[in-house]
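Just so you know, the sequence shown maps onto residues 538 to 728 in the numbering used here.
Where is the CB? At the ideal position from N, CA and C, for every residue including glycine.
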Amino acid sequence: MNPIISVAKTSNILIFGDSLSAGYGIDIDQAWPTLLQQKLTSKSLDYRIINASISGETTEGGVARIENILKKYTPKLIILELGGNDGLRGFPHQRIKNNLDKIIKTSIVKNASLLLLGIKIPSNYGPRYTRDFEKIYLDLAQENNIPLIEFFIENVALNKKLMQDDGIHPNELAQPILLRNIWNTLIPLIE
Numbered sequence: 538m539n540p541i542i543s544v545a546k547t548s549n550i551l552i553f554g555d556s557l558s559a560g561y562g563i564d565i566d567q568a569w570p571t572l573l574q575q576k577l578t579s580k581s582l583d584y585r586i587i588n589a590s591i592s593g594e595t596t597e598g599g600v601a602r603i604e605n606i607l608k609k610y611t612p613k614l615i616i617l618e619l620g621g622n623d624g625l626r627g628f629p630h631q632r633i634k635n636n637l638d639k640i641i642k643t644s645i646v647k648n649a650s651l652l653l654l655g656i657k658i659p660s661n662y663g664p665r666y667t668r669d670f671e672k673i674y675l676d677l678a679q680e681n682n683i684p685l686i687e688f689f690i691e692n693v694a695l696n697k698k699l700m701q702d703d704g705i706h707p708n709e710l711a712q713p714i715l716l717r718n719i720w721n722t723l724i725p726l727i728e
């Protein structure tokens, strides 16, 4: 009689973002994706974090990279955090939305679940642009039936003690808060 051997397979969680997830300006070991891996491990949740975030990344760059990233890592879940750089550069809303939608739909076809992280931008381009930019995330979440964190850097963005000198990037003190901002929405997707 052969014993039944159980082989646990670690599932991948892909973080697909820009500098907010790439740990810009801080030690990568202090960045929220690393803290997420530590928290998952401490809770005996068998997931491996793959951080494919790139500082300066736009949604267009994300579209260009997503197929190869999905093929390489076959993630169970994708935490999608893109669009901030597009908004800061004043890219057209429809272009941003279309690019994010391509990333989402490509991921869904590959059987990955998604968590969309929304961002808010300064009102440099006026209140209408800013409002329409934020609406992109709400619309995509509803249209694709995926969970959304409306403002990923909530309780961080306007606190100078939690931001780097550039006023755009969270510092190392902010990283545990960023993790808390997503944790309660993330955990039902992986348990």
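Item to complete: Return the first residue and the last residue of the beta strand (DSSP E) that N588 is part of.
Response: 584 to 588
Practice prompt. Inspect the beta-carbon positions of Y677 and L619 and report whether they are closer than 8 Å.
Written response: For clarity, residue 677 is Leu in the given sequence; the question names Tyr instead. Not closer than 8 Å, so no.
Discussion item. Using CA atoms only, rank isn't needed, just tell me which of R665, V600, A694, I606 is closest to I714.
Written reply: A694
Discussion item. For L675 and I565, what's the separation of their Cα atoms in angstroms?
Written reply: 30 Å
Worksheet item: Looking at the unbroken alpha helix (DSSP H) that takes in F670, where does it start and where does it end?
Response: 664 to 681
Fill in: Per-residue DSSP class, three states only, for N692
coil
Discussion item. Pull the bridge partners of P612 from the DSSP assignment, please.
Written reply: Answer by DSSP bridge pairing: none, since P612 is not bridged.
Discussion item. Between which residues of its own chain and I683 is the CB-CB distance below 6 Å, once the five residues before and five after are set aside?
Written reply: L651, L653
Worksheet entry | Residue interval of the beta strand (DSSP E) (run including I550) | 548 to 554
Item to complete: Give the single residue among A649, E671, N635 whose Cα lies nearest to the Cα of F688.
Response: E671
Worksheet entry | Coarse secondary structure for I641, derived from DSSP in three states | helix
Worksheet entry | Other residues of its chain near G593: CB distance less than 8 Å, five sequence neighbours each side excluded | D555, S556, N622
Fill in: Backbone CA spacing between Q631 and R668 [nearest angstrom]
13 Å
Worksheet entry | H706 Cβ short of 7 Å to the ligand ATP heavy atom set | Absence of the ligand ATP is noted for the structure shown, with no ligands found whatsoever.
Discussion item. Taking 8 Å as the threshold (C-beta atoms), are S548 and S590 in contact?
Written reply: no
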